[in-house]
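> The structure is given below, and queries will be raised subsequently.
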Ligand SMILES: C[S@@+](CC[C@H](N)C(=O)[O-])C[C@H]1O[C@@H](n2cnc3c(N)ncnc32)[C@H](O)[C@@H]1O
């Protein structure tokens, strides 16, 4: 197919079937905002290599429901256009609507900002990379988007000149939420952000308890910030204090060349594996209960692993409930993984949306972030 409106219509069908795109105004936005304009300098396609606008297959690939990497640094993705189904889900979850002021962290290509602008929001989007921000600004102009602007800077500081905002949307993987965003958010405002958890970046909804609407005297430390689970996701990691580690964080994901080879194998417990997002539900629960949980390659795939201190062993939990363990304490890790699996099953296999955590200040002392403290199931 080479006809952009037809490709947009096909994308809309895919996103509606996926279940994350339901609102008429957002359907209209996806059906009219030209994603290809935001990819004018090309992108890395998994199958076809680097694709530029004149290349065969460019337009078709531009309208696939895929994250499209637009910039690599040393082979590592440092900017992209996120997966459209995830954008739809995040925008709907936030309830972005006409007349709202929205702060976006991670402008990337500018496409997500254009979608929110198309539903009538006024968008200020920040990106830390000047070249990326310049391209996004040029694309917004080329697409005729008037109500969205791009700022260059570390998103940690937000964009005070546009405050107060009704909504904050974060489209880069962070370990915690900036107090500046909370200060720039209207009382009762909402935020969605992919916050690191067990080697992934699930999308969380961050909110504060209703106050009296006045500025809080205890800024930045406050005890009324909460996070609720929304859905499993993966995002590239943010630069700067938004990606800071903290004492009870899970280990960094293992990105080893070769998988860890198991010496202990506990057989599958389910004939029907828990599929994609359900596996993320299981993974989230394991991470909520065990600080050793992260992402690692393990005999045939990458998934949820209780990692040992050597980072070369531990126990992997597979989608069919099988456990593969390796390293000096393989037996004991396999046992612990089994206990966590039992717990998830005994509790009725809760989904991510069942979890809530209080957020507390941690990260770098001079640039602190709110991070989830104790996860608990909401009854
Ligand atoms: C996945 S892309 C964002 C996708 C984008 N919303 C779109 O529609 O194309 C993530 C972006 O976050 C930016 N980023 C990383 N760390 C950042 C930070 N500390 N502050 C602001 N932007 C940051 C990167 O430069 C990258 O362009």
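In my numbering, the protein residues as written are 542 to 920. Beta carbons are placed, not taken as given, at the ideal position from N, Cα and C, and that holds for glycine. Quick caveat: nothing in here was measured; it's all calculated off a predicted structure.
(1) Kindly indicate which residue of 868, 783 and 613 has the alpha-carbon position closest to the one of residue 712.
(2) Return the CA-CA distance between residue 633 and residue 748, expressed in angstroms with no decimal places.
(3) Any idea which residues DSSP pairs residue 835 with across the strands?
(4) Quick check on the DSSP output: the beta strand (DSSP E) that includes residue 646 runs from which residue to which?
(5) Report yes if the C-beta distance between residue 629 and residue 745 is below 7 Å; otherwise report no.
(6) How about residue 696: is its Cβ closer than 6 Å to a heavy atom in ligand 1?
(7) Under the three-state reduction of DSSP, which class applies to residue 869: helix, strand or coil?
(8) For residue 770, tell me which candidate among 916, 883, 562 and 554 has the shortest Cα-Cα distance.
(9) Can you determine whether any heavy atom of ligand 1 sits closer than 6 Å to the C-beta of residue 691, and answer yes or no?
(10) Could you give the DSSP three-state label for residue 653: helix, strand or coil?
(11) Give me the Cα-Cα distance between residue 564 and residue 552, rounded to the nearest whole angstrom.
(12) Starting from the N-terminal side, write out each stretch of the beta strand (DSSP E) that is 3 residues or longer and does not extend beyond the region 743-828.
(13) Excluding the five sequence neighbours on either side, which residues of its own chain have a C-beta within less than 7 Å of the C-beta of residue 794, listed in chain order?
(14) What residue from 621, 654, 742 and 716 has the CA that sits closest to residue 689's CA?
(15) For residue 811, count neighbouring C-beta atoms within 10 Å of its own C-beta (all shown protein chains included) and say buried if the count is 16 or more, exposed if not.
(16) Can you name the start and end residues of the alpha helix (DSSP H) that residue 863 belongs to?
(17) Quick one, which of 650, 593, 643 and 816 has its alpha-carbon nearest residue 620's?
(18) Give me the Cβ distance between residue 865 and residue 891, rounded to the nearest whole Å; I'm assuming they're in contact under 8 Å.
(19) DSSP on residue 686, reduced to helix/strand/coil?
(20) On the criterion of 16 or more Cβ atoms from any shown chain inside 10 Å, does residue 645 qualify as buried, or is it exposed?
(21) Can we count residue 780 as close to ligand 1, meaning its CB is less than 6 Å from some heavy atom?
(22) May I have a chain-ordered list of the beta strand (DSSP E) segments no shorter than 3 residues that lie completely inside the region 673-735?
(23) For ligand 1, I want to know if residue 668 counts as a neighbour, meaning its beta carbon is within less than 6 Å of at least one of the ligand's heavy atoms.
(24) Of the choices 867, 679 and 639, whose alpha-carbon is the least far from that of residue 570?
(25) Which runs of the beta strand (DSSP E) at least 3 residues long sit entirely within the region 567-591? Give them in chain order.
(26) According to DSSP, simplified to helix, strand and coil, what is residue 623?
(27) Report buried or exposed for residue 893, applying the criterion of at least 16 other Cβ atoms within 10 angstroms of its Cβ.
(28) Out of 670, 860 and 606, which one is the CA nearest neighbour of residue 694?
(29) Would you check whether ligand 1 has a heavy atom nearer than 6 Å to the C-beta of residue 652?
(30) Is residue 649 close to ligand 1? I mean its beta-carbon at under 6 Å from any heavy atom of the ligand.
(31) Does DSSP classify residue 912 as helix, strand or coil?
(32) Could you name the residues that DSSP lists as bridge partners for residue 898?
(33) How many angstroms separate the CA atom of residue 877 from the CA atom of residue 846?
(34) Starting from residue 600 and walking both ways along the beta strand (DSSP E), at which residues does that stretch end?
(35) One question on the structure: do residue 704 and residue 804 come within less than 7 Å of each other, judged by their Cβ atoms?
(36) How big is the Cα-Cα spacing for residue 772 and residue 796?
Reading from the atomic positions:
(1) One-based indexing of the chain shown puts residue 712 at position 171. The option with the nearest alpha carbon to residue 712 is 783.
(2) One-based indexing of the chain shown puts residue 633 at position 92. One-based indexing of the chain shown puts residue 748 at position 207. Rounded to the nearest angstrom, the two C-alpha atoms are 16 Å apart.
(3) In the chain shown, residue 835 corresponds to position 294, counting from 1. DSSP, once it has assigned bridges, lists 846 as partnering residue 835.
(4) Locating residue 646 in the chain shown gives position 105, where the first residue counts as 1. Per DSSP, residue 646 belongs to the beta strand (DSSP E) from 642-646.
(5) What you label residue 629 is simply residue 88 of the chain shown in a count that begins at 1. What you label residue 745 is simply residue 204 of the chain shown in a count that begins at 1. Contact flag unset, no.
(6) Residue mapping note: residue 696 aligns to position 155 of the chain shown, counting from 1. Checking the Cβ of residue 696 against ligand 1 gives yes.
(7) Start at 1 with the first residue of the chain shown, and residue 869 comes out as number 328. Residue 869: coil per DSSP, three-state reduction.
(8) Taking the first residue of the chain shown as position 1, residue 770 is located at position 229. Measuring from the Cα of residue 770, the nearest candidate turns out to be 916.
(9) For the purposes of this step, residue 691 is identified with residue 150 of the chain shown, where counting begins at 1. Residue 691: no, Cβ never under 6 Å from ligand 1.
(10) Here residue 653 refers to the residue found at position 112 of the chain shown. Three-state result, residue 653: helix.
(11) One-based indexing of the chain shown puts residue 564 at position 23. One-based indexing of the chain shown puts residue 552 at position 11. When rounded, the distance between both Cα atoms is 15 Å.
(12) 744-749, 766-772 and 805-807
(13) Within the chain shown, numbered from 1, the residue matching residue 794 stands at position 253. If we look at residue 794 and ignore the five residues flanking it on each side, its Cβ neighbours are 740, 835, 836 and 837.
(14) Walking along the chain shown from the start, residue 689 turns up at place 148. The shortest C-alpha separation from residue 689 is found at 654.
(15) As a working note, residue 811 is residue 270 in the chain shown. The residue is exposed, with fewer than 16 neighbouring Cβ atoms inside 10 Å.
(16) One-based indexing of the chain shown puts residue 863 at position 322. Premise fails: residue 863 is in no alpha helix (DSSP H) and is neither H nor E.
(17) The sequence position of residue 620 within the chain shown is 79, counting from 1. Residue 620 has its Cα closest to that of 650, out of 650, 593, 643 and 816.
(18) Looking up residue 865 in the chain shown gives position 324. Looking up residue 891 in the chain shown gives position 350. That pair is no contact at about 24 Å.
(19) What you label residue 686 is simply residue 145 of the chain shown in a count that begins at 1. If DSSP states are grouped into helix, strand and coil, residue 686 belongs with coil.
(20) As a first step, residue 645 must be located in the chain shown, where it is residue number 104. Its Cβ being crowded by 16 or more others within 10 Å, residue 645 is buried.
(21) Walking along the chain shown from the start, residue 780 turns up at place 239. Yes; taking the cut-off as 6 Å, the Cβ of residue 780 has a heavy atom of ligand 1 nearer than that.
(22) 689-693, 706-711 and 726-735
(23) Counted from its first residue, the chain shown places residue 668 at position 127. Yes, ligand 1 has a heavy atom inside 6 Å of this Cβ.
(24) Start at 1 with the first residue of the chain shown, and residue 570 comes out as number 29. The shortest C-alpha separation from residue 570 is found at 639.
(25) 584-586
(26) By 1-based counting over the chain shown, the position of residue 623 is 82. Coil at residue 623, not helix or strand.
(27) Locating residue 893 in the chain shown gives position 352, counting from the first residue. Buried is the call here.
(28) Numbered from its first residue, the chain shown carries residue 694 at position 153. The shortest Cα separation from residue 694 among 670, 860 and 606 belongs to 670.
(29) Walking along the chain shown from the start, residue 652 turns up at place 111. Yes.
(30) Against the chain shown, residue 649 aligns to sequence position 108. Yes, since a heavy atom of ligand 1 falls inside the 6 Å radius drawn around the Cβ of residue 649.
(31) Counting from 1 along the chain shown, the entry for residue 912 is found at position 371. Residue 912: strand per DSSP, three-state reduction.
(32) Reading the chain shown from its first residue, position 357 is the one you call residue 898. Paired residues: 768 and 916.
(33) Along the chain shown, read from residue 1 onward, the residue named residue 877 stands at position 336. Along the chain shown, read from residue 1 onward, the residue named residue 846 stands at position 305. Each residue's Cα considered, the two are about 11 Å apart.
(34) The count along the chain shown starts at 1 and reaches residue 600 at position 59. Careful: residue 600 lies outside any beta strand (DSSP E), inside the alpha helix (DSSP H) at 599-603.
(35) Numbered from 1 along the chain shown, position 163 holds the residue referred to as residue 704. Numbered from 1 along the chain shown, position 263 holds the residue referred to as residue 804. No, they are not a contact pair.
(36) If you number the chain shown from 1, residue 772 lands on position 231. If you number the chain shown from 1, residue 796 lands on position 255. Taking the straight line from one Cα to the other gives about 23 Å.
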